[in-house]
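Down below is the structure, laid out as C-alpha cells.
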Amino acid sequence: MNKHRPLFITIEGGEGSGKTTMIGRLSAYMQNRSMPYLITREPGGIDIAEKIRSIILDPEHTAMDARTEALLYAAARRQHLVEKVEPALEQGVTVLCDRFVDSSLVYQGYARELGIEEVWSINAFAINQRMPDLTLLLDIEPRAGMSRILMNAEREVNRLDMESLAFHEKVREGYLQLAERFKDRIRLIDASRPPEQVEREMIRHLDAFLKDF
967 MNKHRPLFIT IEGGEGSGKT TMIGRLSAYM QNRSMPYLIT REPGGIDIAE KIRSIILDPE
1027 HTAMDARTEA LLYAAARRQH LVEKVEPALE QGVTVLCDRF VDSSLVYQGY ARELGIEEVW
1087 SINAFAINQR MPDLTLLLDI EPRAGMSRIL MNAEREVNRL DMESLAFHEK VREGYLQLAE
1147 RFKDRIRLID ASRPPEQVER EMIRHLDAFL KDF
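Using my numbering, you'd call the opening residue of the sequence shown number 967 and step up by one each time.
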C-alpha cells in the first residue's frame, strides 16, 4: 500500500461506550506521528447533517418510523461524506469519525429489525463504495453503558438513550455480529475498563495497522 495515503478510521459502539472521549484521546497519537487529521462525527459534522441530527435525536420525536430514521441517517451521511470526509481525504488528511455506516446496520438494520441487507442497500447508495480503512469497536455491556450516561451530567439525554435496555442489548448483539463478519476491518475493544487501558489498546491496534499499511 501507499504509506502516504490518508486513512478513514471510524469509532463505533453502543450508548455510553466512550466513543467521544476515546476519539478525542487519539489526537495526541496523531500529532506524535505528524499525521494531518480531523475529528468529526455522525450524524453531524457539517451544518446540514447537524440539523438532520437534531431531528433524529429529538426526544419529542417518538413517533418517528424506523424507515424514516434509516433514511435520515443515510441522508446525513451522504452530505457529510461529500462535504467533509472526501475533501479531507483528497487533501491527504486522515479522518477520525465518531460513527459511520456500521451504526445504521446495527441500530436500524438489526435492533429496529429492518434487516441488515435492506439498510445496507440504502447506505451503499449513500456512501458510493467509501468504507473505513479501520474500525475500532468499543464494546460495553448495555446496562453499564446506560449507567455511564445517567452519571454524566454534561450529556443531554436523546431519543436513542430513552430506548429500552432490550433495544440496547440488541444493538450490542448486532455489533458483535458485524465484528465477527468483518474481522479484517473491525477491531473489538473491551470498553468497560478504565479509559487509560482502553486508549492503550486502541493505540496498539492503530500501531499494528499502520505497521502493515
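Heads up, the beta-carbon is just placed ideally off N, CA and C, and yes, glycines get one too. Just so you know, these numbers come straight off a predicted model, no measurement behind them.
- Counting only residues of its own chain and dropping the five nearest sequence neighbours on each side, L1103 has a CB closer than 7 Å to the CB of E978, G979, Y1141, A1145, I1152, R1153, L1154 and I1155.
- In the pairwise beta carbon analysis, the region 1035 to 1043 is classified as not touching the region 996 to 1004: fewer than three pairs are separated by under 8 Å.
- Here DSSP, grouped into helix, strand and coil, assigns T1028 to coil.
- Here G1111 carries a helix assignment [DSSP, helix/strand/coil].
- Cβ neighbours of D1127 within its own chain (closer than 7 Å, five residues either side excluded): E981 and I1115.
- Shown here, L1080 sits in coil according to DSSP, grouped into three states, outside any helix or strand.
- Taking 9 Å as the cut-off, the beta carbon of L1131 is found closer than this to the beta carbon of P1108.
- By the Cβ neighbour-count rule, D1064 is buried, with 16 or more other Cβ atoms within 10 Å of its own.
- Under the DSSP assignment, V1072 falls outside any alpha helix (DSSP H); it carries neither an H nor an E label.
- The region 1097 to 1166 contains, as complete alpha helix (DSSP H) runs of 4+ residues, the segments 1108 to 1117 and 1131 to 1147 (chain order).
- DSSP, read as helix, strand or coil, puts E1049 in helix.
- As DSSP reads the structure, E978 sits in a beta bridge with L1103.
- Beta-bridge analysis with DSSP links L1004 to V1061.
- Taking C-alpha positions only, T976 is separated from F1091 by approximately 19 Å.
- With contacts defined by Cβ atoms closer than 9 Å, E1083 and A1032 do not form a contacting pair.
- Judged by DSSP in its simplified three-state form, Q1095 adopts coil rather than helix or strand.
- DSSP places R1019 inside the alpha helix (DSSP H), whose first and last residues are D1013 to L1023.
- Around the beta carbon of V1123, a 10 Å sphere encloses fewer than 16 other beta carbons of the protein chains shown; the residue is thus reported as exposed.
- Nearest to L1062 by alpha-carbon distance, out of R991, P1025 and N998, is R991.
- Burial check for K1177: the Cβ neighbour count within 10 Å stays below 16, so the residue is exposed.
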